[in-house]
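Under full-length UniProt numbering, think of the first position of the sequence shown as 1, with each following residue one higher. Backbone N, C-alpha and C fix where the C-beta goes; we use that ideal spot for every residue, glycine too.
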Amino acid sequence: MILNYIANYIIQNNAINQDFFSKHVNLRKGATDIGYGLRPTHPLEKAAKNPGSDASEPMSFEDYKAFVAEYTLEKTAEMTGVPKDQLEQLAQLYADPNKKVISYWTMGFNQHTRGVWANNLVYNLHLLTGKISQPGCGPFSPDRAAFRVWYCA
């Protein structure tokens, strides 16, 4: 919710790095209601319309803009309990072209039921602003290498 609000803020305030975005971003919409990765007999998994789907289709910028438009400051503050001024300060940091932003996250974020989606949302913020693959800017999850080591041991 908060990440989509920040994306909406960036778009509404014309803070998109248009040059970077037009050269490097190809928007795609993934399947929704994909289940929870639970056992096939679990009621939530049975109720999912697209369980296990990794399908995607092209998405226009206008469609993406419409998708995040519902994530307003008011709605986000109400649903998350985070004060409006704090949400706006965070969004302003990402939107300010003169600020460098590195987003760090670890296991709790990755292992959430919708961890992959949350990761994608963080990447979206960096892609919208062009704050990626340059000194002092980018999304970073240091646990990914650790996961590979643990699973190989």
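Between residue i and chain C, is the shortest Cβ-Cβ distance under 7 angstroms, so that the two count as touching?
i   : result
E78 : Within the model displayed, chain C is absent; a lone protein chain is all it includes.
Beta carbon of residue i, beta carbon of residue j: below 7 angstroms?
i    : j    : result
I6   : L125 : yes
V101 : C137 : yes
L121 : Y64  : no
L93  : K84  : no
M1   : T106 : no
N13  : A95  : yes
N119 : V68  : no
Can you tell me whether residue i is helix, strand or coil according to DSSP?
i           : result
A153        : Reliability of the predicted coordinates at A153 is poor, the pLDDT of 49 falling under 50, and the value obtained from them is presented with this limitation in mind. Three-state result, A153: coil.
E43         : Before going further, note that residue 43 is Pro rather than Glu in the sequence given. The answer is helix: DSSP assigns P43 an H, G or I state.
K29         : strand
Q134        : strand
Y94         : helix
A15         : coil
residue 157 : A question about residue 157 goes unanswered here, because the residues of the chain that appear run from 1 up to 153.
residue 154 : The structure shown does not extend to residue 154, since the chain spans only 1 to 153, so no value can be given for it.
K99         : coil
A7          : helix
Q86         : helix
A48         : coil
Please report how far the alpha carbon of residue i lies from the alpha carbon of residue j, in whole angstroms.
i    : j    : result
N98  : G30  : 32 angstroms
E70  : N8   : 8 angstroms
N17  : Y123 : 14 angstroms
T129 : N110 : 23 angstroms
H108 : P142 : The question names His, but residue 108 in the sequence shown is Gly. Roughly 12 angstroms separates the two Cα atoms.
D19  : L87  : 27 angstroms
V116 : E78  : 24 angstroms
A47  : P135 : 45 angstroms
T76  : H42  : 30 angstroms
L44  : K131 : 37 angstroms
Going by the DSSP bridge assignment, what does residue i pair with across the sheet?
i    : result
Y104 : F140
E78  : The partner list for E78 (beta bridge, DSSP) is empty, contrary to what the question assumes.
P58  : R28
Take residue i as the anchor and find which of the options has the nearest alpha-carbon.
i    : options             : result
P11  : Y104, A91, N119     : Looking at the sequence itself, residue 11 is Ile, so the reference to Pro does not match. For the residues Y104, A91, N119, the minimum Cα distance to I11 belongs to A91.
S103 : K23, F140, M59, P40 : F140
S22  : S60, H42, W117      : S60
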